[in-house]
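Sequences listed follow chains A and B, in order. Position 64 of the first sequence, counted from 1, bears residue number 64 in the working numbering, the numbering being contiguous throughout. Position 216 of the second sequence, counted from 1, bears residue number 1216 in the working numbering, the numbering being contiguous throughout. The structure under discussion appears below in the form of structure tokens.
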Amino acid sequence: MKISTPNCDNCVFTEELGRDFNIRQKSQGLAASIKNFIRPSYKLVEAVRSLSMRIGFGEIVGFLGPNGAGKTTTLKMLSGLLFPSRGKLEVLGHSPFSREREFLSQISLVMGQKQNLWWDLPPIETFEIHRSIYNLDEKDFRGRIEELIDMLEISDCLETQTRKLSLGQRMRCELAVSLLHRPKVLFLDEPTIGLDILMQKKIRKFLLDYHARFKPTILLTSHYMDDVAALAKRVIVINNGLKIYDGLLSDLTEKMQPEKIITVILNSETFPKIEIPNVNIVSQESNLFRLKAPRENVGKLAAALYNTGLTIDLTIEDTPLEDIIGNLFTEKSNFQQFRTNV
Amino acid sequence: MFSQLKIIMKLWKASIIQSMEYRGSFIFSIFANFFDFIFGLLQYLVFFTAAKSIAGWSSDNMLALYSVFMFIYSLQFIFLYPNIAVLGEMVNTGGLDLLLTKPLDARLFVLLRKISLEELGSLSTSIVLFIWLISKGVFVITFQSVLLFIISIFSALIIVYSIYITLTALAIMLEKMEDASEFIWSLFSFCRYPTDIYPAKMKFLFFTFFPIAYISTVPAQTISGLGSTEPVIYGFIISILSLLISSAIWKKTIRSYTSAGS
Ligand SMILES: Nc1ncnc2c1ncn2[C@@H]1O[C@H](COP(=O)(O)OP(=O)(O)O)[C@@H](O)[C@H]1O
Ligand SMILES: [Mg+2]
């Protein structure tokens, strides 16, 4: 599967990568069950249809898409777990599915719902086992553990049985275990799933710090758009196994959301006359006004409002990222238009 | 290979610590298994109150078979069975996924990562029985017979290991995880008796495609001076063949592995 073109600039390289699953159809009723047993019928699911992407060394890329879009399947192919049905694929210059030692020693796959840690053992024992797996010498190992413990604030959970840890503690230990061998590429599949906001923030901050220090390439999927917004400048959006956007997150938000929302509280219940085009009042509750204005006019609008001397308070918001991404998949027309503009 | 062994040792240590957690049940199962052994022995003895020999096997020969059988049976129970027993769990919780992303021989770890010391009672009793039979002068002890016996035990272990790999691979491929351990039970129930008691067609099968004759019958024959050299050689060749075939099946399984849904 190794491709012939040299590909040294990209850490991850795929071309028309795809993976299908044959799902055995379940049948209802006895007769159908018997028939199905004798001649099982399969349904082909194209989990990933055709995905081409290039990711450079040290990049953080957010992988977005609704449930069932094919994100996890892609990560599984990239980490050598699943054999691709078609297309080209190279990670760190290796063909992942060959599962070469050298390749596997340089990657890590972290899945929010799956455990590296041994359930009945304290995390420190799992660390010890991973030390042998990755052949780390004692000194390196101690140093890295100290560092990770420090960054993740997990010194108090190392000796506790894993199953007695809270989800947040477990996830942080999970990250520590997965980073022990200092992978060059990190695949994170929903690393903050089920965690409370505070813990999500902690993990985000950790990942940022970690990336700043060691510059691994990170490919991240998450339910929580805040994760993606905080970590990744670049996003790849997929739907139904196809890539529909690949570029800067800021471009995506800007183009998908040409307007901003301005909330202003005045000391009057009538809105002053302001000579700025395309400003609309969306709603009014006594002296609280909600306005929409094009991105490029927001600055002028705010200045003008302050200059009236009537303004008590003013906030400018973007439409939440969740809604923008949601719109990608619902408002087809809007998005098609957007795509042609990119 | 050596470093992988070191990791497996660590996993065993972990798995022993884990089973010690429930110390009461741990000690209980060791005893229970010891009595299992004695019961099995009594069964044979009851047989021989009625008959002088079974299919050409005297009671001493049968005891030799029993000690060989129990030796291999308890070894697989200690090292292999605990792993196949939790195979389904391993696949469903994504343990296999994570294992496959590690720079390891996944097969070795799927089959050997867990250990259960509960059969230690049967293992030691089978050795004691074996030593007792030596002291009783039941065995033919020459350089050649001992060498052949060692080879036959080695082949038996390789065959058992290959059967485990094949079963594990098939279970993963067909997503029938529970059936694998069921199969092991029935397989070993055949090995309790000398293959001579089965009809000719089955006997042929046991020496070829379903080579369980080499697990207990052939080693016991060899050390008791009942058999010839050929079965030992065949057994050795078949053990190597089965290892190769099982490896190929394993490779195919991993290639077609679909991994549990996200
Ligand atoms: N092991 C599998 N067997 C069968 N179908 C699968 C398997 N894994 C994923 N799928 C299907 O492939 C599609 C993509 O799934 P997935 O990659 O998990 O999506 P995402 O992670 O984006 O939510 C879904 O329709 C899912 O049902
Ligand atoms: Mg997923």
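The C-beta atom is built at its ideal place from N, Cα and C for all residues, glycine as well.
Please list the partners that residue i has in chain B, where partner means a Cβ-to-Cβ separation under 7 Å.
| i | result |
| --- | --- |
| residue 111(A) | 1094 |
| residue 114(A) | 1093, 1094, 1097, 1098 |
| residue 125(A) | 1014 |
| residue 101(A) | 1103 |
| residue 76(A) | 1259 |
| residue 79(A) | 1101 |
| residue 104(A) | 1101, 1102, 1103 |
Leaving out five residues on either side along the sequence, give the residues of the same chain with a beta carbon under 7 Å from the beta carbon of residue i.
| i | result |
| --- | --- |
| residue 1256(B) | 1173 |
| residue 224(A) | 192, 200 |
| residue 1195(B) | 1203, 1206, 1213, 1217 |
| residue 1001(B) | none |
| residue 2(A) | Confidence at residue 2(A) is low in this model, with a pLDDT of 43, below 50, so the placement of that residue is unreliable and no value is reported for it. |
| residue 1074(B) | 1119, 1122, 1123, 1126 |
| residue 152(A) | 172, 175, 176, 206 |
| residue 232(A) | 60, 61, 62, 220, 249 |
| residue 1153(B) | 1219 |
Answer with buried or exposed for residue i, where buried requires no fewer than 16 other C-beta atoms within 10 angstroms of its C-beta.
| i | result |
| --- | --- |
| residue 200(A) | buried |
| residue 1033(B) | buried |
| residue 1135(B) | exposed |
| residue 5(A) | The predicted position of residue 5(A) is uncertain, since its pLDDT is 47 and thus under 50; no value can be drawn from it. |
| residue 249(A) | buried |
| residue 1090(B) | buried |
| residue 198(A) | exposed |
| residue 18(A) | buried |
| residue 1109(B) | buried |
| residue 1049(B) | exposed |
| residue 1082(B) | buried |
| residue 111(A) | buried |
| residue 272(A) | exposed |
| residue 1094(B) | buried |
| residue 189(A) | buried |
| residue 1221(B) | buried |
| residue 1164(B) | buried |
| residue 227(A) | buried |
| residue 116(A) | buried |
| residue 1009(B) | exposed |
| residue 1139(B) | buried |
Sorted by chain position, which residues of the same chain lie with C-beta nearer than 6 Å to residue i's C-beta, five sequence neighbours on each side aside?
| i | result |
| --- | --- |
| residue 1160(B) | 1076 |
| residue 1071(B) | 1126 |
| residue 230(A) | 204 |
| residue 317(A) | 261 |
| residue 1129(B) | 1067 |
| residue 97(A) | 80, 83 |
| residue 12(A) | 55, 91 |
| residue 147(A) | none |
For residue i, decide whether its Cβ has a neighbour in chain E, counting only Cβ atoms nearer than 8 Å.
| i | result |
| --- | --- |
| residue 1103(B) | Looking at the structure shown, chain E is missing, and the protein chains on hand are A and B. |
Identify the contact partners of residue i in chain A, using a Cβ-Cβ distance below 8 Å as the criterion.
| i | result |
| --- | --- |
| residue 1021(B) | 120 |
| residue 1116(B) | By Cβ distance, chain A contributes nothing, its closest Cβ being about 14 Å from residue 1116(B), past 8 Å. |
| residue 1258(B) | 21, 82 |
| residue 1003(B) | 132, 135 |
How would you list, in chain order, the residues of chain A whose beta-carbon sits under 7 Å from the beta-carbon of residue i?
| i | result |
| --- | --- |
| residue 1326(B) | Because chain B spans 1001 through 1262 in this model, residue 1326(B) falls outside it and cannot be assessed. |
| residue 1007(B) | 129, 132, 133 |
| residue 1107(B) | By Cβ distance, chain A contributes nothing, its closest Cβ being about 12 Å from residue 1107(B), past 7 Å. |
| residue 1255(B) | 83 |
What does residue i reach in chain B if we use C-beta pairs closer than 9 Å?
| i | result |
| --- | --- |
| residue 193(A) | Per Cβ cutoff of 9 Å: no residues; residue 193(A) is ~10 Å from chain B at best. |
| residue 238(A) | Those do not exist, as residue 238(A) stays about 14 Å from chain B at its closest Cβ, beyond 9 Å. |
| residue 218(A) | The contacting residues do not exist; residue 218(A) stays about 16 Å from chain B at best. |
Would you check whether ligand 3 has a heavy atom nearer than 7 Å to the C-beta of residue i?
| i | result |
| --- | --- |
| residue 321(A) | For the structure depicted, ligand 3 is absent and the ligand set comprises only ligand 1 and ligand 2. |
Output, in chain order, the set of chain B residues within a Cβ distance shorter than 8 Å of residue i.
| i | result |
| --- | --- |
| residue 145(A) | Under the 8 Å cutoff, chain B gives no residues; its nearest Cβ is about 16 Å from residue 145(A). |
| residue 222(A) | Near residue 222(A) there are no residues of chain B at all, since even the closest Cβ is about 13 Å away, more than 8 Å. |
| residue 38(A) | What residue 38(A) touches in chain B: nothing, since even the nearest Cβ is about 16 Å away. |
| residue 107(A) | 1101 |
Please return the same chain residues whose Cβ sits closer than 8 Å to the Cβ of residue i, not counting the five positions on each side in sequence.
| i | result |
| --- | --- |
| residue 298(A) | 260, 262, 316 |
Give the residues of chain A in contact with residue i, contact being defined as C-beta atoms less than 9 Å apart.
| i | result |
| --- | --- |
| residue 1043(B) | Neighbours of residue 1043(B) on chain A: none; closest Cβ ~37 Å, over 9 Å. |
Exercise for the section: For the stretch 1194-1225 of chain B, list the alpha helix (DSSP H) runs that are entirely contained and at least 4 residues long, ordered along the chain. Expected result: 1200-1207, 1217-1224
Exercise for the section: Return the chain-ordered ranges of every alpha helix (DSSP H) run that is complete within the stretch 72-115 of chain A and spans a minimum of 4 residues. Expected result: 101-104
Practice task
Please go through the stretch 1098-1122 of chain B and give each complete alpha helix (DSSP H) segment of 4 or more residues, from N-terminal end onward.
Solution key: 1106-1112
Exercise for the section: Let me know the beta strand (DSSP E) ranges lying completely inside the stretch 182-247 of chain A, each 3 residues or longer, listed in chain order. Expected result: 185-189, 217-221, 234-239
Exercise for the section: Just list the alpha helix (DSSP H) runs in the stretch 1138-1193 of chain B, keeping only unbroken ones of 4 residues or longer that don't cross its boundaries, in chain order. Expected result: 1143-1174, 1177-1191
Exercise for the section: Note down, one range per segment and in chain order, each beta strand (DSSP E) of at least 3 residues found wholly within the stretch 254-325 of chain A. Expected result: 259-266, 280-285, 288-294, 311-317
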